[in-house]
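Asker:
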Ligand SMILES: C[S@@+](CC[C@H](N)C(=O)[O-])C[C@H]1O[C@@H](n2cnc3c(N)ncnc32)[C@H](O)[C@@H]1O
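Residue numbers (our numbering): 24 to 261.
#1: What's the call for residue 95, buried or exposed, on a 16-neighbour Cβ count within 10 Å?
#2: Could you tell me which residues DSSP pairs with residue 217 in its beta bridges?
#3: Just to be sure I understand the criterion: a residue counts if its Cβ is closer than 6 Å to at least one heavy atom of ligand 1. Which residues meet that?
#4: When we look at the beta-carbon of residue 30 and count the other beta-carbons within 10 Å, is it buried (16 or more) or exposed?
#5: Three or more C-beta pairs closer than 8 Å, one from the segment 56–70 and one from the segment 84–103: is that the case here?
#6: Residue 99: buried (16+ other C-beta within 10 angstroms of its C-beta) or exposed?
#7: Using only the alpha-carbon positions, how far apart do residue 228 and residue 56 sit?
#8: Mind checking which residues open and close the beta strand (DSSP E) that includes residue 66?
#9: Could you tell me which uninterrupted beta strand (DSSP E) segments, each at least 3 residues in length, are contained entirely in the segment 78–163, listed from first to last along the chain?
#10: Taking 6 Å as the limit between beta carbons, can you name the residues of its chain near residue 173, skipping five residues before and five after?
#11: Give every residue of the same chain whose Cβ lies closer than 6 Å to the Cβ of residue 74, excluding the five residues on either side of it in the sequence, and list them in chain order.
#12: For residue 54, does the three-state DSSP call read helix, strand or coil?
#13: If residue 260 and residue 210 are in contact, beta carbons under 8 Å, what's the gap, nearest whole angstrom?
#14: With a 10 Å radius around its C-beta and 16 neighbouring C-beta atoms as the bar for buried, classify residue 252 as buried or exposed.
Printed below as a string of structure tokens:
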């Protein structure tokens with residue numbers, strides 16, 4: 024069975040929280056630099072902890088910390104136990120802006136479709152995220168973003184879809200690269216790419232039948248697909 028087939032049972036409206044995160048995470052891992060250590064990994068904004076399952080099964084991580092704000096740890100623990108992963112995945116409820124970990128603790132911090140909710144502000148990466156990664160460790164992020172800044176009718180369509188303030192969470196790859204360069208001040212190697220899984224990740228979200236997916240499909244079909252993308256970010260702490 025390919026690694027994706029194992030997770031197909033989760034491609035439903037009960038589990039997906041947006042464009043299929045398994046596709047994003049699979050590509051984030053597939054295109055990573057060769058020296059990423061996973062031994063102790065934080066899944067930051069893990070949602071239902073499904074991305075933590077994938078990290079635990081598909082990398083050589085020994086322990087994955089499944090950390091999330093909206094989903095209670097006890098709910099994730101039930102799911103983790105039902106999948107026999109309770110010795111490998113630790114569920115924690117908390118806010119990325121105030122994490123309860125020791126400095127230099129993680130080999131890798133991975134965040135899929137979550138970082139944009141809290142990480143678009145100056146100072147967040149430098150002060151709230153990077154301190155928890157060991158030297159030689161990585162932060163790997165996949166976020167929805169923009170191919171280009173929308174203008175005119177497209178801007179209006181985009182802002183109607185994103186419903187006001189959320190429009191501010193979508194940034195171009197160049198914007199993320201600039202932010203992280205400023206955050207790291209020369210202490211990191213940074214690589215930012217556009218993801219290739221755009222079509223399939225969205226299609227599987229539409230196919231899930233989730234009410235938000237049905238709305239998203241209408242907007243993407245009106246042309247929003249031309250300006251949206253997913254951005255993959257790799258930061259190595261030197
Ligand atoms: C769209 S879901 C993605 C969940 C999961 N990574 C996935 O891809 O299926 C976004 C998640 O980000 C989490 N999140 C948003 N703000 C957060 C914060 N300040 N601290 C921790 N998690 C946060 C939410 O709790 C939510 O579960």
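We put the beta carbon where it would ideally sit given N, CA and C, even for glycine. Note that the coordinates shown come from a computational prediction; the quantities given were computed from them, not determined experimentally.
Answerer: On the basis of the coordinates in this document:
#1: exposed
#2: 254
#3: 40, 41, 44, 68, 69, 70, 73, 74, 91, 92, 93, 94, 118, 119, 120, 135, 136, 137, 140, 141
#4: buried
#5: yes
#6: buried
#7: 28 Å
#8: 63–67
#9: 86–91, 112–116, 129–135
#10: 181, 250
#11: 44, 48, 66, 135
#12: coil
#13: 7 Å
#14: buried
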